[in-house]
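First the structure, in the form of structure tokens, and then the observations on it.
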Ligand code: ZN
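Numbering (this note's numbering), first residue to last: 985 to 1400.
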């Protein structure tokens, strides 16, 4: 096992650890861990809410989830010799849940998926699902099952939802400007169009006093993916992946977290993956001047991992860019993916599932989302592929009609 350079004690809160990480992006959050090109090392990662979500049958914790506290990230890790303009090579040698023991934290044999209420986060289908819901998944080796969604089990594809390098001061200023401009177009929207810097609950490593206050006031929220990588939620960024991150500050200042046991493309329920804490074994190297050499200024490039669930048969649903009310939109792939997902949800309810159970399956299982057509005016065509083998019954259409499953206790719900 590689040396643990960023340890986390499962019995302590994120802010009480030997090394305290961070939950905002800012170039001036000090790196407390230093590695060299060519090094391999282990990083522990806390689940993104630091233990606020519990293994029980209530969704009140998701409804009231403290969004200003996320994402709790491990890092920053400085890589010796990395300078702005370089590319940082990050190999994911291994990634997995917290070694199993009886414990309270997600990752110790279990994880969760949430649908967030419109008033607290929202989600991809928040118009249809305005309340909060939670599903607990149990892990057995690579397999996930849930007491809240019976008759489904699938192979996980463990990956970090979030990893990235620190922005430069200039890049951070551009993020805050452009996202602030967007918010200003509809400042009272629920859910908001974007999240401005939020000093409340900012965790900034070792910073204190005036320096803490300044950085907390400027630090970018970690929700969106940006030029530095960040919260990309790419399910195929699993064991064996190699990522090439642009370097914007001296040392690169790499950080990571938000580990997922599994996720469908799009992470559509907002907290749509199976969230958990765990570990990552990483190897780093540097390509000097690589940003210019390879034209990587906009975002990271990556080679996906070699560990995929081996599903060979799929049932796919398509959607076009027409609203449920019949209004035609022009090549809107977001809308067509929504329609494809709603189509799949409607279908699964014919077998006895509640709409929430079906939505949770699409969020958490290794479903594939595709931009099938983006040029055929006025309709884009998006598709969502569901592996048929994740169900313990025949989910395909047939002359016999849909087999009825017992939906069990269903998905815990909490309303405002
Ligand atoms: Zn996540």
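Yeah, the Cβ is synthetic: ideal placement off N, Cα and C, and Gly gets one too.
Nothing here was measured: the structure is a model prediction, and the numbers come from that model.
Within the same chain, and ignoring the five residues on either side of residue 1026 in sequence, the residues whose Cβ sits closer than 6 angstroms to its Cβ are 986, 988, 1263, 1265.
The stretch 1012–1100 contains, as complete beta strand (DSSP E) runs of 3+ residues, the segments 1017–1019, 1024–1029, 1058–1063, 1071–1081, 1094–1099 (chain order). A distance below 9 angstroms separates the beta carbons of residue 1096 and residue 1259. A distance criterion of 8 angstroms places the beta-carbon of residue 1109 beyond contact range of the ligand ZN, judged by its closest non-hydrogen atom. In this structure, residue 1255 has its beta carbon less than 8 angstroms from a heavy atom of the ligand ZN. Here residue 1052 really is in contact with residue 1185; their C-beta atoms are around 4 angstroms apart, less than 8 angstroms. Following the DSSP letters along the chain, one finds residue 1339 inside the alpha helix (DSSP H) bounded by residues 1339–1348. Residue environment analysis places residue 1361 among the exposed positions, since fewer than 16 neighbouring C-beta atoms fall within 10 angstroms of its C-beta. In this model, residue 1105 and residue 1145 are separated by some 17 angstroms (Cα to Cα). Not one heavy atom of the ligand ZN is found less than 8 angstroms from the C-beta of residue 1089. By the Cβ test, the stretch 1063–1073 is in contact with the stretch 1266–1273, since at least three Cβ pairs between them sit closer than 8 angstroms. Excluding residues up to 5 positions away in sequence, 1043, 1115, 1117 lie with their Cβ nearer than 6 angstroms to the Cβ of residue 1397 in the same chain. Residue 1081 holds the alpha-carbon nearest to the alpha-carbon of residue 1143 among 1055, 1006, 1081.
Note that the C-beta distance between residue 1098 and residue 1074 is not below 9 angstroms. With contacts defined as CB atoms closer than 9 angstroms, residue 1011 and residue 1233 qualify as a contacting pair. By the neighbour-count definition (other C-beta atoms within 10 Å, threshold 16), residue 1335 is a buried residue.
Counting only runs of 4 or more residues that sit fully inside the stretch 1129–1167, no alpha helix (DSSP H) segment turns up. Taken through DSSP and simplified to helix, strand or coil, residue 1197 comes out as helix. Looking at the DSSP output, residue 1254 sits in a beta bridge with 1099. In this structure the stretch 1311–1327 lies against the stretch 1349–1360, because at least three pairs of beta carbons, one per stretch, are closer than 8 angstroms. Excluding five sequence positions before and after residue 1126, the CB atoms of its chain that fall closer than 7 angstroms to its own CB belong to 1139, 1140, given in chain order. Where residue 1300 is concerned, the enclosing beta strand (DSSP E) starts and stops at 1298–1304. Below 8 angstroms, too few C-beta pairs join the stretch 1216–1232 and the stretch 1162–1176 to call them touching: fewer than three.
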